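Residue numbers (full-length UniProt numbering): 1 to 128.
Note that the Cβ used here is the ideal one computed from N, Cα and C, for glycine as well.
Only a predicted model underlies this, so the values are computations on that prediction, with no experimental measurement involved.
First comes the structure, then the notes that go with it.
Rendered as structure tokens:
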């Protein structure tokens with residue numbers, strides 16, 4: 001069996017549909033989508049204030065693929081939901097990592113410890 005020539009590979013690449021293929025793990029994009037494509041601003045809570053981080057975390061974690069019109073739209077919506085939750089424009093990388101690690105810790109703790117921790121949310125920091 002013959003291997004395809006480099007010119008044949010070039011022709012096949014040129015015939016491919018325009019635009020990048022979606023890799024298994026999409027790298028972060030330094031380009032923000034146009035405002036018209038972004039999700040609508042978060043709805044204010046009952047008191048008129050911006051919802052808290054827990055609300056945004058739940059929206060991010062509860063998002064499902066069927067809510068989007070394909071993988072690119074799902075990626076766009078997840079990116080927007082993650083930005084609303086993690087707020088990279090106001091938090092440092094270290095603060096964001098801390099949030100993610102604490103969330104994962106809560107997910108793996110036994111239920112009785114989670115219940116105690118939830119009752120003291122904001123009062124106690126797990127890290128030192």
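* Run the CB neighbour count on residue 94, radius 10 Å, all protein chains shown included, and call it buried at 16 or more, exposed below. => Within the chain shown, residue 94 is the residue found at index 94, counting from 1. When all chains shown are included, residue 94 counts as exposed.
* Asked: With 16 as the cutoff for other CB atoms within 10 Å, does residue 100 come out buried or exposed?
  -> Numbered from 1 along the chain shown, position 100 holds the residue referred to as residue 100. Its Cβ having fewer than 16 others within 10 Å, residue 100 is exposed.
* To do: Go ahead and label residue 80 buried or exposed: buried means 16 or more other beta carbons lie within 10 angstroms of its beta carbon, across all protein chains shown.
  => One-based indexing of the chain shown puts residue 80 at position 80. Buried, because 16 or more other Cβ atoms sit within 10 Å of the Cβ of residue 80.
* Asked: Exposed or buried, residue 104, counting other C-beta atoms within 10 Å across all chains shown (16 or more means buried)?
  -> Taking the chain shown and counting its residues from 1, one reaches residue 104 at position 104. That one is exposed.
* Asked: What three-state label does DSSP hand residue 91 in the structure shown?
  -> Position 91 of the chain shown, counted from the start, is the residue given in the question as residue 91. Here residue 91 sits in coil by DSSP.
* **Counted within 10 angstroms of its Cβ, other Cβ atoms place residue 58 as buried (16 or more) or exposed** => Residue numbering aside, residue 58 sits at position 58 when the chain shown is read from its first letter. By the 10 Å Cβ count, residue 58 comes out exposed.
* To do: Look at the Cβ atom of residue 85, then the Cβ atom of residue 53, and state whether they are nearer than 8 Å.
  => Taking the chain shown and counting its residues from 1, the one referred to as residue 85 is at position 85. Taking the chain shown and counting its residues from 1, the one referred to as residue 53 is at position 53. Yes, the Cβ-Cβ distance between residue 85 and residue 53 is below 8 Å.
* Asked: Can you tell which of 87, 63, 98 has its C-alpha closest to the C-alpha of residue 51?
  -> Along the chain shown, one-based indexing puts residue 51 at 51. When only C-alpha atoms are compared, the closest one is 87.
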